[in-house]
Amino acid sequence: MTTRRIVRSAVLLAAVSPWLLAAGIHAAGGESQGALVHVADTRHLTGINLYFANLYNVARLLFTVVSVGLTGMLGLGLGMVMDVVVGLIGLDLNKREARE
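Written out as structure tokens, the structure reads:
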């Protein structure tokens, strides 16, 4: 990307940003509302679903940490399972060279 195109893109972004912000503020017109309260409905939940809903309601930061950690562990597990599956069907990805 040439320097001229970068400068043109930056100028365009700087010109459009205030317009988008003003449009968003205008679209949010109306009476001022009170603070929103985000809680999970736990009336019909049991087991692990109840645990995570209560964790969300009581300790939002801990819920975030647990969710991010759990997502990472599940991704790692899925990657390891898929590595085994790919190996079983005959593809050996360890011998490939990275061309970077």
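Numbering (this note's numbering), first residue to last: 565 to 664. Backbone N, C-alpha and C define an ideal beta-carbon position, used for all residues, glycine too.
Measure the CB-CB distance between Ala-617 and Ala-604 and report whether it falls below 8 Å. yes
Simplified DSSP state of Ile-612, which is helix, strand or coil: helix
Please check the pair Leu-619 and Phe-627, which I expect to be a contact at CB under 8 Å, by giving their CB distance rounded to whole angstroms. 5 Å
Where does the unbroken alpha helix (DSSP H) through Arg-624 begin, and where does it stop? 624-652
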